[in-house]
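The structure appears below as structure tokens.
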Amino acid sequence: MSALTDTFGITTPIVLAPMAGVAGGRLAHAVSSAGGLGMIGTSGSFSPDWIREQAAIAGEGATPLRGAHAERGTHSVAPQGTAFGIGLMAWVPQLPAQIEAILALGVEDRPALVSVSFGDVAGPIRTLREAGLAVACQVGNAADVAAATAAGADVIVARGGEGGGHGRNEMATGEILALALDETDAPVLAAGGIADAADVSRVMTAGAAGAWCGTAFLTCREGENTPEARAAIGRAQATRYSRVHDVAQDLAWPREFGGRAVTTPFLEQWADREDEMTDAARAEHAAGKERGDTDYTPLYAGVGVDRLSAPTDAASVVTALTPRG
Ligand SMILES: Cc1cc2nc3c(=O)[nH]c(=O)nc-3n(C[C@H](O)[C@H](O)[C@H](O)COP(=O)(O)O)c2cc1C
């Protein structure tokens, strides 16, 4: 069907984007069981033990890949492991320990794909590839494409500013997809605002090997987010790109990677003036988060949020995203 399905032995060209706090082993397993490629999301606060546990859940009962092989142009990919993935963030200080935990996994729990995004990706991509793992990298501008390609990334994820969660907001999904297809021979997936089968068909017609979807899975019961968060996401109609939640929580995200989240009064108040945020505002955010108020809990989501229904399950979402015919 595509370089993605052939390479990873999956039946539909849909990847569950790694989403820290939402995509754990259970959701990844459910997506892979439904024919896609489920990925576990991590951030700096996820320990090597957590990674081991969640990899075991994601890989449970799955048949290890036998080195399937696919090519696009001069680039070839031959993943080993089991049909699920793990997403890492390049900028977090915990990255080396997280990579070590992945490399120590047994063959049944070994991911077929590891992604490294957001920051200096060259070293981690090389380390993972030298250990025989296939590596993906999310790119948001021309410099990202060049860096990921030079480091030998096996799968390039062209991620536009429509996407939920962190990333760049410089290019739209269609633009970065066209650029990446021009600049690399590796299979390219499209990400950002892809919310139904028509969207998936559109990016595949443009040359993508598949779609890397996050927001579409945010209301799945298998997710690690709370039922309250899922309900709020299901009701949400609008999103905004900003650094508000990171600044409010003093997170060390590099400035160029803001996040797209559900619009709330607090977010509207501080977007575009994050550097002026007061201690009182930070305290208001912390207190709101502490009491589970979804006006303050960061609800990261992309522009496709208004097309979500809540609640649902991963298999239904995979079916709804899969192009027919
Ligand atoms: C709630 C949420 C959490 C995310 N966490 C991560 C993460 O941990 N690692 C990562 O590489 N990308 C993360 N992302 C970005 C996704 O990988 C992907 O780029 C994005 O979801 C694609 O756009 P879409 O949400 O419109 O489908 C996250 C996205 C969301 C919505």
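For the sequence shown, position 104 matches number 488 in our numbering, and the numbering has no gaps at all.
Even for Gly, the Cβ is constructed at its ideal location relative to N, Cα and C.
Here the structure is a predicted model, which is why all the values come from computation and not from measurement.
Nearest-angstrom beta carbon gap, residue j and residue i [assumed within contact, 8 Å]
i	j	result
G594	I560	With 8 Å as the limit, G594 and I560 do not qualify as a contact, their Cβ atoms being about 15 Å apart.
G576	E546	4 Å
A527	V505	In fact, because the Cβ distance is near 11 Å, the residues do not count as touching under 8 Å.
L497	V539	7 Å
G422	L400	4 Å
H550	G642	7 Å
G686	G598	7 Å
S431	V476	The Cβ separation is near 12 Å, so there is no contact.
CA nearest to the CA of residue i, picked from the options
i	options	result
D679	E612, I394 and V689	E612
Q633	E668, R644, E606 and E640	E668
A704	V584, I617 and I486	V584
G465	L487, V476 and R410	L487
P362	P508, L517, P571 and T391	Outside the modelled stretch of the chain, which goes from 385 to 709, sits residue 362, for which no answer is possible.
A721	G536, L683 and A564	There is no way to answer for residue 721, as the model of the chain reaches only from 385 to 709.
T696	I435, G618 and A671	G618
A534	I509, T389 and T648	I509
A467	D390, A404 and P649	D390
D630	A600, A670 and A440	A670
E437	G490, A515 and A564	G490
Distance, residue j Cα to residue i Cα
i	j	result
R708	A542	23 Å
A581	T662	43 Å
A636	M588	35 Å
G425	T623	21 Å
D659	L512	36 Å
V689	Q621	6 Å
R666	T681	12 Å
K673	A698	27 Å
Q715	G443	Only positions 385 to 709 of the chain appear in the structure, and residue 715 is not among them; the question remains open.
W596	R657	31 Å
N553	R639	11 Å
P402	A664	33 Å
L573	P397	9 Å
A520	A474	12 Å
A562	G544	11 Å
L479	S693	35 Å
E492	D566	36 Å
A485	V500	15 Å
T648	A407	23 Å
V646	G548	9 Å
heavy atom of ligand 1 below 8 Å from residue i C-beta
i	result
Y625	no
M403	yes
E546	yes
L602	yes
I509	no
G490	no
V541	yes
T599	yes
V687	yes
Y680	no
M473	yes
Q633	no
H550	yes
A579	yes
G465	no
V406	yes
T391	no
W710	Given a span of 385 to 709 for the chain in the structure shown, any question on residue 710 remains unanswerable.
G576	yes
Q478	no
S501	yes
T766	Residue 766 is absent from the model: the chain starts at 385 and stops at 709.
Contact with chain D by residue i, beta-carbon distance below 9 Å
i	result
G471	The question asks about chain D, but that chain is absent: this structure has only one protein chain.
- Check whether the segment 406-414 touches the segment 599-619, taking contact to mean three or more Cβ pairs, one atom from each stretch, closer than 8 Å. Here the segment 406-414 lies against the segment 599-619, with 3 or more beta-carbon pairs under 8 Å apart.
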